[in-house]
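The structure under discussion appears below in the form of structure tokens.
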Amino acid sequence: MRLCFSAIAIPFALLSYGENIHKGTGSGDPKNFFSIHAEENAIKKLPCLPRQKKLKRVDLLVIRANKSGSLGNSKPCVHCILCLYKHLPLKGYILDTIYYSASDGELKETNLSLLTKEDMHMTRYYKERNMIVKSGKQV
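Numbering (this note's numbering) for the sequence shown: 20 to 158.
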């Protein structure tokens with residue numbers, strides 16, 4: 020079984036934790052199958068802060084491992100990047116640093132602005148449904 024998890028943290032404190040969730044309607048039709056990525060799951064579980072002028076800076080760690088325990092690529096997809104941009108500030112947070120595992124076993128460090136400048140990964144779910152992203156919005 021593959022494992023993918025995500026954690027939102029500040030120095031010395033874990034604020035939220037999420038893992039991939041895979042669900043289907045039971046009909047057996049692959050089009051009725053969906054998943055929630057670990058990043059989105061961690062954001063949903065993140066407690067809201069009282070409204071304040073300054074957003075609280077947090078870091079994100081995303082790790083993917085296969086059955087043998089080897090690290091896999093867990094770079095956030097385009098949908099997760101949009102969720103991070105949109106939902107973290109609504110809860111009172113701003114993302115500082117993103118750490119993710121790469122296929123070569125290394126842990127990579129980046130931030131949202133750098134991620135948006137790189138080639139963004141689109142999951143098979145969105146590709147199969149011809150969902151595209153234009154100027155920060157899903158269409």
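The beta carbon of each residue, even a glycine, is placed where N, CA and C say it ideally should be.
Query, Result
"Distance, Val81 Cα to Pro108 Cα", "19 Å"
"Inter-residue spacing [alpha-carbon to alpha-carbon] between Gly155 and Ser132", "Confidence in Gly155 is poor, its pLDDT being 46 and thus under 50, which makes the residue's placement too unreliable to answer from."
"Terminal residues of the alpha helix (DSSP H) in which Glu59 lies", "Ala57 to Lys64"
"Pairwise C-alpha distance: Tyr112 and Cys102", "13 Å"
"Three-state class that DSSP yields for Leu79 in the structure shown", "strand"
"Leu131, enclosing alpha helix (DSSP H) - first and last residue", "Leu131 to Lys136"
"Classification of Pro95 by the beta-carbon crowding that lies within 10 angstroms, buried from 16 upward", "buried"
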